[in-house]
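In the UniProt record's numbering, the protein residues as written are 1 to 436.
Set out below in structure tokens:
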């Protein structure tokens, strides 16, 4: 939690507000020139620092003076505002600090075809943000002019009905479907104490066939429609086959043709549409869950390791590589990691708790008696306990896992260190409970 300087300790939460921007064709071209200038400046800095050993690196002041001189002598660099140039230098220095600290990889060159263009506006006063009406706003961009944007979310401190806070800066980002204005905001809000949410507890099991299965009998399944409609999915497949043919027929060593670039842009636009729909559903469903439940249990999954390739090596080739590739794609399309991040901050803002629990045996353990057996899973979707003294089932396997996750989360929340045991037993299925 942050506190603003010079005021009685008022909690400040930093947020990013992303709004769609609608520049004119000439403004969009000027923004693209600025984005490429920022990318080229990064590459020049990287070449400069990569050429010298760390013991002979230039100071921050010397690099800033060199950039100032370059803006006076180089026409391609003069299109980028001075403060945006300084931000590129700061970001490059932070990238090296993160690398030397072990938290990130080594900085690399930014290719023209694979880099998302962005321009930083570090001071909010230069934007001169104005709300025109209920749906539209307008900002001033350095060396660009006044640009309209879609006012789809409230900006703190802008008008009378906006939340309390302020805007500290912005970044202009070009996505596959156009330019976006990402505001950096500081919102003043008082979050309730953790655990003060009066709602009940729930366990959530993430899946592919069923996106979210819960232990709430009134809402056992939380589903969504396809991210792409059938015609859109058919067009995406057709475009992917088309770009594969273009790559096969392209002469080796030649630059990518404009037709292939156009096909890639069309594919990126469909993927961006899929991403927006997924993000919209995740924002809505996590807000609903955080409003409804006071304690939310979720499996502690390492999604990056789960979606790793099964190809193997020439010495030890993998098995069922195509099937694993399809499963990896389905998991990535559901956005499990992003969903957990949203659940974490939405629950915290409402006084709830998000409790990650170990995923071991949650799908094989009976939620009524605690019997663990791989034969309990009759199929991917059906669970039936093999314990002759229990006989629980058949039920949906994901819902049974959700009951086990809720039980483990309740045990973890009740313990002083907050750790959950993978052997924790008992649930409220059929009113039976087995002590851990």
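Virtual Cβ for every residue (Gly too), placed ideally from N, Cα, C.
Check	Outcome
Consult DSSP for residue 120 and reduce its assignment to one of helix, strand or coil.	strand
Does the beta-carbon of residue 376 have 16 or more other beta-carbons within 10 angstroms, so that it is buried, or is it exposed?	buried
Just the C-alpha distance for residue 190 and residue 228, rounded to the nearest angstrom, thanks.	39 Å
Please state the DSSP three-state secondary structure of residue 57.	coil
Is the Cβ-Cβ distance between residue 342 and residue 283 less than 8 Å?	yes
Check whether the region 9 to 24 and the region 151 to 159 are in contact - that is, three or more C-beta pairs closer than 8 Å.	yes
My assumption, with CB atoms under 8 Å, is that residue 142 sits in contact with residue 126. Please give the rounded CB distance.	6 Å
Between residue 398 and residue 205, how many whole angstroms is the CB-CB distance? I'm expecting something under 8 Å.	5 Å
With 16 other CB atoms within 10 Å as the buried threshold, where does residue 109 fall?	exposed
According to DSSP, simplified to helix, strand and coil, what is residue 33?	helix
According to DSSP, is residue 64 helix, strand or coil?	helix
Grab the span of the beta strand (DSSP E) containing residue 438 for me, first residue to last.	Outside the shown range of the chain (1 to 436) lies residue 438, about which nothing can therefore be said.
Kindly indicate which residue of 382, 29 and 387 has the alpha-carbon position closest to the one of residue 209.	382
If contact is defined by three or more beta carbon pairs under 8 Å, each pair taking one atom from either stretch, is the region 68 to 81 in contact with the region 28 to 41?	yes
Would the region 254 to 274 count as touching the region 286 to 305 if we require 3 or more Cβ pairs under 8 Å?	no
Starting from residue 298, trace the beta strand (DSSP E) in both directions and tell me its first and last residue.	295 to 300
Could you pull the start and end residues of the alpha helix (DSSP H) that residue 230 belongs to?	230 to 249
Within its chain, find whatever has a CB closer than 8 Å to the CB of residue 405; leave out the 5 residues flanking it on each side and keep chain order.	203, 204, 205, 215, 297, 298, 299, 357 and 362
Sorted by chain position, which residues of the same chain lie with C-beta nearer than 6 Å to residue 437's C-beta, five sequence neighbours on each side aside?	The structure shown does not extend to residue 437, since the chain spans only 1 to 436, so no value can be given for it.
Which whole-angstrom value describes the C-beta separation of residue 195 and residue 351, a residue pair presumed to lie in contact below a C-beta threshold of 8 Å?	7 Å
Count Cβ pairs between the region 113 to 120 and the region 163 to 175 that sit closer than 8 Å; are there 3 or more?	yes
Put residue 396 into one of helix, strand or coil per three-state DSSP.	strand
Does the Cβ-Cβ distance between residue 179 and residue 23 come in under 8 Å?	yes
Between the region 59 to 68 and the region 82 to 101, are three or more C-beta pairs nearer than 8 Å?	yes
Is residue 49 helix, strand or coil when you go by DSSP?	helix
In terms of residue numbering, what span does the alpha helix (DSSP H) encompassing residue 84 cover?	82 to 100
In the structure shown, what three-state DSSP assignment does residue 264 receive?	helix
Based on Cα-Cα distance, which residue from 384, 236 and 388 lies nearest to residue 396?	384
Taking residue 331 as the reference, give the member of 309, 344 and 349 with the closest Cα.	309
By how many angstroms is the C-alpha of residue 49 removed from the C-alpha of residue 43?	10 Å
Please state if the CB of residue 285 and the CB of residue 222 are separated by a distance shorter than 8 Å.	yes
For the alpha helix (DSSP H) that contains residue 305, what are its first and last residues?	303 to 306
Let me check understanding here. Comparing Cα to Cα, which of 185, 84 and 170 lies closest to residue 163?	185
Reducing DSSP to helix, strand and coil, say where residue 19 ends up.	strand
Hey, out of 280, 105, 236 and 122, whose CA is closest to residue 182's CA?	122
Could you tell me which of 247, 211, 46 and 287 sits nearest to residue 402, measuring between CA atoms?	211
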